[in-house]
Structures are given as C-alpha cells and as structure tokens.
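Read through the structure below, which is laid out as structure tokens, and then see the notes.
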Amino acid sequence: MQDIVLIKFYEYVAMGKPVITTKIPGVMKEFGEDRGIIYVDKPEDAFGRAVGMIEEYGSKAWGFVENCGWDDVVDEFERVLEEVIDGAK
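Numbering (my numbering), first residue to last: 158 to 246.
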C-alpha cells in the first residue's frame with residue numbers, strides 16, 4: 158500500500174494545486190521534490206503547513222501590490238507623459 162500513487166495527485170498538480178501529503182514512498186519516488194507535492198512527517202502536521210503557506214503567500218501578494226497603488230500608477234503615467242513631451246520637442 159505504501160508504493161501506490163493515487164491518480165488524484167496527478168490531477169491536483171495538473172490543475173496547479175499544491176498537494177500536502179505524508180511521506181508515502183510511492184509518491185516520493187514518483188514526484189520527488191519541488192514538483193507540487195509538499196511532504197509532512199505526520200498527518201496532523203498538514204494543517205499547520207497549509208496555514209503557514211497561506212500566510213507566506215499572503216505576505217508575498219501584499220509585497221507585490223504594495224507598490225501598485227494609485228500613487229505609483231500616477232507617478233508612472235506622469236513619467237511616461239514627460240518622456241513623450243520631451244521626445245516631441
């Protein structure tokens with residue numbers, strides 16, 4: 158039973174969904190590391206790992222949009238307009 162690889166792992170990964178699973182030998186052999194599968198030692202570790210990932214991705218998302226506010230958009234728009242005006246002179 159330890160060497161099985163459920164088809165749903167392929168389906169989840171194909172849909173771009175990360176999979177959190179215990180270290181099942183068949184899955185580890187088939188997918189290895191850094192291929193959309195996150196391994197935990199015990200099933201009860203999965204929830205904590207998922208929460209950690211959500212927090213990490215939330216922070217990364219905030220870091221990205223932090224520099225995409227309207228002030229930044231207006232500054233970039235003004236910069237482009239100035240380049241166009243200077244180029245037309």
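Built from N, CA and C at the ideal position, the CB exists for glycine as well.
Could you tell me the distance, in whole angstroms, from the CA atom of residue i to the CA atom of residue j?
i, j, result
"Ile308", "Asp232", "Given a span of 158 to 246 for the chain in the structure shown, any question on residue 308 remains unanswerable."
"Val162", "Trp227", "48 Å"
"Phe221", "Glu201", "32 Å"
"Val230", "Glu239", "14 Å"
Is the beta carbon of residue i less than 7 Å from the beta carbon of residue j?
i, j, result
"Asp307", "Gly193", "Examination of residue 307 is not possible in this model, given that the chain is present from 158 through 246 alone."
"Ile98", "Ala203", "The chain is shown from 158 up to 246; residue 98 falls before or after that span and cannot be answered."
"Lys174", "Tyr196", "no"
Using alpha carbons as the reference points, say which of the options lies closest to residue i.
i, options, result
"Ala171", "Phe188, Phe234 and Ile181", "Phe188"
How would you label residue i, buried or exposed, when you count the other beta carbons within 10 angstroms and need 16 or more for buried?
i, result
"Lys166", "Correcting the residue type first, residue 166 is Phe in the shown sequence and not Lys. Buried: at least 16 other Cβ atoms inside 10 Å."
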